[in-house]
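Here the structure comes first, spelled out in structure tokens, and everything after it is commentary.
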Amino acid sequence: MKLIVAIIRPDRLNEVLEALYRAEVTGLTVSRVLGHGGETDRVETYRGTTVKMELQEKVRLEIGVSESFVEITVQAILARARTGEVGDGKVFVLDVNQVYRIRTGERDEQAVTPAGGQAGGHAVGGAV
Ligand SMILES: Nc1ncnc2c1ncn2[C@@H]1O[C@H](COP(=O)(O)OP(=O)(O)O)[C@@H](O)[C@H]1O
Ligand SMILES: [Mg+2]
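My numbering applies: residue 229 is where the sequence shown begins, and numbers increase by one.
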């Protein structure tokens, strides 16, 4: 199991969500965050040159997936979040030791696989 953490542009979110849905990755958490990409912004002031970190609005995705869904999830984000301009963001892939589904107490692979199915017949697989 992995936790995929992606920092993307807010205006790429809908495209990324659509691609993830098509890949049957539907368990995720989205947060609005502020970020800085590591560039140094030098600002001239009357006292000389100072440095400040300009924070940009970004969106953070957290997606817990079983191993077989890691690659398709990462590729969906890379393909749909990219503009080619500075600030497109990052994708981090973290090892996950344990997953628990709070409702049932199931753990690990059983907790990762959606339980009970969904109305409408959309087959969900792999995402927490
Ligand atoms: N090392 C990092 N750790 C966490 N978040 C980062 C890191 N580097 C960049 N980010 C996030 O990614 C956003 C986009 O910047 P970045 O990934 O540096 O784009 P680029 O490389 O195209 O300049 C930043 O605003 C920040 O939210
Ligand atoms: Mg950067």
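For every residue, glycine included, the Cβ atom is placed at its ideal position computed from N, Cα and C.
Status (buried if at least 16 other CB within 10 Å, exposed otherwise) for residue i
| i | result |
| --- | --- |
| F320 | exposed |
| T229 | Inspection of the sequence shows that residue 229 is occupied by Met rather than by Thr. By the neighbour-count rule (16 or more Cβ atoms within 10 Å), M229 is buried. |
| R331 | exposed |
| K318 | exposed |
| K286 | buried |
Own chain residues within Cβ distance below 8 Å of residue i, not counting five before or after
| i | result |
| --- | --- |
| A247 | A304, I305, A307 and R308 |
Nonlocal neighbours in the same chain, by C-beta distance under 6 Å from residue i, ignoring five residues either side
| i | result |
| --- | --- |
| S259 | R288 |
| R240 | A309 |
| A251 | I300 and A304 |
| L262 | L283 |
| I232 | I291, T301 and V321 |
| T257 | E290 |
| A234 | L289, I305 and V319 |
8 Å contact criterion, which residue i and residue j should meet: CB distance rounded
| i | j | result |
| --- | --- | --- |
| R237 | G315 | 7 Å |
| E337 | S294 | 6 Å |
| A339 | V327 | 4 Å |
Tell me which residues pass a beta-carbon proximity test against ligand 1: closer than 6 Å to any heavy atom, given in chain order. I235, G263, H264, G265, G266, Q284, K286, V314, G315, D316, G317 and K318
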